[in-house]
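Q: Counting with UniProt numbering, you get residues 1 to 800 for the letters of the sequence shown. Glycine is no exception: its CB is placed at the ideal position from the N, C-alpha and C atoms.
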Amino acid sequence: MEDRSAEIENEPAGGKINIGKILRVFLSKWYWIVACIAIMLAGAYVYLKFAKEIYATTAIIRMAETKTEFTELVNLGDQSASDENETEMFILKSQSLLESAVNNLDYPVTYYTKGRVKDVNIYPQKPFPIEIVSADSLLRGVPDFEVTRKDGASFTLAYEKGGDEVKRNYKFGQMITFDQLKFIIRSGLNMGSHTYRIHFNTVPELVNEVRRGYSITPGGKTKIMSLRLSGPNPVLIADILNTIIEEYIKNDAGRKKQAATQTIDFIDSQLLQFSQQVNKSQDELSNYKKNNDIVNLSAKGNQLLAEVNSNEQAKNQLEIEQLYIQQLETEMKQNRNAITLNLGLGGQTESLLSTLIANLNNLIKDRNVKLEQFDEQSSLIQVIDNQINEIKRAAMNNIRLLKDRNNKTIRFLDSENAKLKQNLRAYPTDEQNLFNLQSNFDIKQKIYTYLNEKKLESEISRAATVANASVVENAKPNFALVSPISASIYQNAIIFGLMLGLGLIFLARALNPYLHDPAEVQIASTVPILGMIKKNNEVLNEDEKQSLDLLSSKSAFAEAIRSVRTNLSFMQADQASKIICITSEVAGEGKSFVSVNLSNSLCLMDKKVVLIAADLRRSRLHKTFDMSPDHKGLSEYLSNQASLENITNKTVIENLTFISSGKIPPNPSELLHRDRMKELLVILRQQYDYIIIDTAPVGLISDSIPLIQMSDINIFVIRSGVSKISAVKLPARIDREYRMNKSSIIMNAFEPNAFRASFFSADSTEGNYNSYYYADYNYNSPYYDDEPVKKSFWKKIFGK
Numbered sequence: 001m002e003d004r005s006a007e008i009e010n011e012p013a014g015g016k017i018n019i020g021k022i023l024r025v026f027l028s029k030w031y032w033i034v035a036c037i038a039i040m041l042a043g044a045y046v047y048l049k050f051a052k053e054i055y056a057t058t059a060i061i062r063m064a065e066t067k068t069e070f071t072e073l074v075n076l077g078d079q080s081a082s083d084e085n086e087t088e089m090f091i092l093k094s095q096s097l098l099e100s101a102v103n104n105l106d107y108p109v110t111y112y113t114k115g116r117v118k119d120v121n122i123y124p125q126k127p128f129p130i131e132i133v134s135a136d137s138l139l140r141g142v143p144d145f146e147v148t149r150k151d152g153a154s155f156t157l158a159y160e161k162g163g164d165e166v167k168r169n170y171k172f173g174q175m176i177t178f179d180q181l182k183f184i185i186r187s188g189l190n191m192g193s194h195t196y197r198i199h200f201n202t203v204p205e206l207v208n209e210v211r212r213g214y215s216i217t218p219g220g221k222t223k224i225m226s227l228r229l230s231g232p233n234p235v236l237i238a239d240i241l242n243t244i245i246e247e248y249i250k251n252d253a254g255r256k257k258q259a260a261t262q263t264i265d266f267i268d269s270q271l272l273q274f275s276q277q278v279n280k281s282q283d284e285l286s287n288y289k290k291n292n293d294i295v296n297l298s299a300k301g302n303q304l305l306a307e308v309n310s311n312e313q314a315k316n317q318l319e320i321e322q323l324y325i326q327q328l329e330t331e332m333k334q335n336r337n338a339i340t341l342n343l344g345l346g347g348q349t350e351s352l353l354s355t356l357i358a359n360l361n362n363l364i365k366d367r368n369v370k371l372e373q374f375d376e377q378s379s380l381i382q383v384i385d386n387q388i389n390e391i392k393r394a395a396m397n398n399i400r401l402l403k404d405r406n407n408k409t410i411r412f413l414d415s416e417n418a419k420l421k422q423n424l425r426a427y428p429t430d431e432q433n434l435f436n437l438q439s440n441f442d443i444k445q446k447i448y449t450y451l452n453e454k455k456l457e458s459e460i461s462r463a464a465t466v467a468n469a470s471v472v473e474n475a476k477p478n479f480a481l482v483s484p485i486s487a488s489i490y491q492n493a494i495i496f497g498l499m500l501g502l503g504l505i506f507l508a509r510a511l512n513p514y515l516h517d518p519a520e521v522q523i524a525s526t527v528p529i530l531g532m533i534k535k536n537n538e539v540l541n542e543d544e545k546q547s548l549d550l551l552s553s554k555s556a557f558a559e560a561i562r563s564v565r566t567n568l569s570f571m572q573a574d575q576a577s578k579i580i581c582i583t584s585e586v587a588g589e590g591k592s593f594v595s596v597n598l599s600n601s602l603c604l605m606d607k608k609v610v611l612i613a614a615d616l617r618r619s620r621l622h623k624t625f626d627m628s629p630d631h632k633g634l635s636e637y638l639s640n641q642a643s644l645e646n647i648t649n650k651t652v653i654e655n656l657t658f659i660s661s662g663k664i665p666p667n668p669s670e671l672l673h674r675d676r677m678k679e680l681l682v683i684l685r686q687q688y689d690y691i692i693i694d695t696a697p698v699g700l701i702s703d704s705i706p707l708i709q710m711s712d713i714n715i716f717v718i719r720s721g722v723s724k725i726s727a728v729k730l731p732a733r734i735d736r737e738y739r740m741n742k743s744s745i746i747m748n749a750f751e752p753n754a755f756r757a758s759f760f761s762a763d764s765t766e767g768n769y770n771s772y773y774y775a776d777y778n779y780n781s782p783y784y785d786d787e788p789v790k791k792s793f794w795k796k797i798f799g800k
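1) Rounded to a whole number of angstroms, what is the C-alpha to C-alpha distance between residue 245 and residue 471?
2) Locate the beta strand (DSSP E) running through residue 171, then write down its first and last residues.
3) Determine the extent of the alpha helix (DSSP H) in which residue 649 is found, giving its start and end residues.
4) Excluding sequence positions up to five away, which residues of its chain have a Cβ less than 7 angstroms from the Cβ of residue 238?
5) Return the chain-ordered list of same chain residues with a C-beta closer than 6 angstroms to the C-beta of residue 598, the five sequence neighbours on each side being excluded.
6) Using the three-state DSSP reduction, which class does residue 234 fall into: helix, strand or coil?
7) Name the residue from 198, 103 and 492 whose alpha carbon lies nearest to the alpha carbon of residue 158.
8) Give a yes or no on whether 9 angstroms exceeds the smallest Cβ distance from residue 711 to chain B.
9) Identify the continuous beta strand (DSSP E) that holds residue 532 and give its terminal residues.
10) Buried or exposed for residue 88, please, with buried defined as at least 16 other CB atoms from any protein chain shown within 10 angstroms of its CB.
11) Unbroken alpha helix (DSSP H) runs of length 4 or more, entirely within the segment 722-752: which are they?
12) Below 9 angstroms between beta carbons: does that hold for residue 683 and residue 579?
13) Going by beta carbon distance, what residues of the same chain come within less than 6 angstroms of residue 280, once the five residues before and after it are set aside?
14) Going along the chain, which residues of its own chain have a beta-carbon closer than 6 angstroms to the beta-carbon of residue 672, five neighbours each way excluded?
15) By how many angstroms is the C-alpha of residue 173 removed from the C-alpha of residue 185?
16) Leaving aside the five residues before and after residue 133 along the sequence, list all residues of the same chain whose C-beta is less than 8 angstroms from its C-beta, in chain order.
17) To the nearest whole angstrom, what separates the beta carbons of residue 443 and residue 395, a pair I think is in contact under 8 angstroms?
18) Kindly indicate the opening and closing residues of the beta strand (DSSP E) around residue 473.
19) Identify whether residue 315 lies in helix, strand or coil by the three-state DSSP scheme.
20) Identify which residue in 253, 202, 211 and 195 has its Cα closest to the Cα of residue 64.
21) According to the Cβ coordinates, are residue 531 and residue 746 closer than 9 angstroms?
22) Once you ignore the five residues that flank residue 595 on each side, which residues in its own chain have a CB closer than 7 angstroms to its CB?
23) Counting Cβ pairs, one atom from each stretch, are 3 or more of them under 8 angstroms apart for the segment 127-145 and the segment 261-275?
24) Is residue 698 helix, strand or coil by DSSP?
25) Span of the alpha helix (DSSP H) holding residue 599?
26) Just reading off the alpha helix (DSSP H) that residue 103 is part of, what are its end residues?
27) Does residue 781 come out as helix, strand or coil in the three-state DSSP assignment?
28) Taking Cβ positions, are residue 527 and residue 699 nearer each other than 9 angstroms?
29) Give a yes or no on whether the C-beta atoms belonging to residue 33 and residue 502 are separated by under 9 angstroms.
30) On the DSSP letters alone, give me the boundaries of the alpha helix (DSSP H) that residue 138 sits inside.
31) Does DSSP classify residue 62 as helix, strand or coil?
32) Since residue 199 sits in a beta bridge, which residues does DSSP pair it with?
33) Count the other CB atoms, across all protein chains shown, that sit within 10 Å of the CB of residue 718; report buried if there are 16 or more and exposed otherwise.
34) Under three-state DSSP, which class holds residue 444?
35) Please state whether DSSP places residue 147 in a helix, a strand or coil.
36) Relative to the C-alpha of residue 802, which candidate in 386, 406 and 333 has its C-alpha closest?
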């Protein structure tokens, strides 16, 4: 036997994944996979029957460009298209807009047709009109009603109350009262024999339903936005989405008209005042001319009057502007909401102020919208507040400069008029008085005309107001399902069924800790496999006497024993007489069975064999040879109570001698450690070709250690489907600890099983080592079980 001392010190190299073996494992349980796929397909079918059908529709809107030169000049928060789109997205999703849209939709009742599996929303059909007389805004406690026509004049109304079904008969047109709800079903001519379910909607309920399927996708840096709404009825969601867009456009235009309306109100207040002044000054002028018999001023007087009137008109216009600016300043200081005054003043300074106000209003609108989702202390709101404060400071500074400029201009015009009026002293007193009255009337008349022109301009501007948003594509009913998609559901069911089947196979293998494949032994251990004994399908009785006749047949089992015998002949070939110690990790792995059959096989080669039952605690070998358990054996010999002649027994098998274990001693481990055991083996070596020692399980107790050390060959029996990985690692561990090199493994009860085959192919016979496995082992308890018990159905699936 070649030297394996280097192997004992090294870890095993492991194995390579064998795709063919993996496929055979899965194919061995193909019906598991088919069953899992069938179950998943059945589940998918049931799901599709009960799943709520979801449709989707989209609409596209375009936002008008609102960027100004001032925005680019001061780089105010980088008001890019994406930022403006984000602001408009907040508005489009705002609670107030959705509530307004739902109210305008006029959708108080949802009609469903009753089905065997699920009810279907039949909007826009109304099989019978319902008039709601009065209702609580939230309709608390109002259930759904089922309506079935009895005849042309009456119907049955059914609903649940307190877990019980209530049915009542009503006539068409009769008032129906339920708590805070009063309604009338007018006619049922279109009902037919169907049963309908009606649900009374509330605004909060519809808004929440819209929010669940409502999404907006901006067009990146463009001014395009795509609105998407999903729901159970394609016509309904298209109507809702179009109503949302209509309401948004109407509100946007309304905000613009509000500014023009407030400007018109301001002009009206000035017109009322100047109208009274014009009438008064006209009366004074007419009376003066009549009383003093004066018709008109002289030519020079008219020229002077024109110059004075021009200055006075300019002055009065500036005074009106000052009133507007003062009102604007007051509103900006006191009002946190948008600034609605917009007089459309001319000039560079006024244009800058208008731009500042426009940007201020945009930021305030953005702030109010985002407050629906963010707290006032959030960083986003703080950034907007800082921008608002910066614009307000710039606007207030602009207002101050504008007021100063107007005041200087007014003072200049006053001084010019004072100079012009000095020339009146050369005129007669009557003409001076007429000049003053005519000047006062002309100035007020022109200011009155100027205000009317401004009012007309504002009214035209208000009438021509359009919203920033325009519809590119309206929402249309789309009857293609978006959920559930049958093909996708069935495809996923097949995939999940396949994964479930494969997972169950993996799980069943993972939950089974036992060894089944020789490749697992080769991968896990450095100790060579001496042979594999095929599972014997013959049922042995409790005494296992039939095992003495098994080798007489030409079965695969008998051939496997002969193969082990042949391999054994190459081990320790220089020894004339070989001591073979046969052990296992735990009981039930078949070491005694192997000992008897190996001894029998060696005898068939005309070898003299002695079989020693060295398990002094619970040996059963005496039953195989039909001997009494009280027959003198090894324990009596080791305790000097019997001689060798007294304990050796001839058997029915030629050349086979048997030494039983004898009576159970109180100190079996100490007896086996005595020199008398060594002396016995020396004597037997001189008389026999093979000394087979059947020992106690070495994984449970240490009784076998001295025998293992004294033997020439140590055979560790591993039983397929019974032994665990620790049993494979034990032989190499013992060799390493006791510095030996004489262990080998026999795999007992091996039966080819594609399901239990290893995924790996051994590419090395190296192995690693595991710790001893200890358990209670006494005179009255089994090692584990002497023979494996019959397994339940589930253990058969997840076990051997």
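A: Concretely, from the data shown:
1) 8 angstroms
2) 164-171
3) First-last for residue 649: 648-650, but that is the beta strand (DSSP E), not the alpha helix (DSSP H).
4) 57, 475, 476 and 477
5) none
6) helix
7) 198
8) This model lacks chain B altogether, as it is built from one protein chain only.
9) 529-534
10) buried
11) 725-737
12) no
13) none
14) 703 and 706
15) 6 angstroms
16) 175, 182, 183 and 184
17) With 8 angstroms as the limit, residue 443 and residue 395 do not qualify as a contact, their Cβ atoms being about 32 angstroms apart.
18) 469-473
19) helix
20) 253
21) yes
22) 582, 611, 692 and 694
23) no
24) coil
25) 591-603
26) 95-105
27) Residue placement at residue 781 is poorly supported in this model, since its pLDDT is 37, which falls under 50; the coordinates still yield a value, given next. DSSP places residue 781 in coil when its eight states are reduced to three.
28) no
29) yes
30) No alpha helix (DSSP H) holds residue 138; DSSP gives it neither H nor E.
31) strand
32) 110
33) buried
34) helix
35) strand
36) Because the chain is modelled from 1 through 800, residue 802 falls outside the range shown and cannot be assessed.
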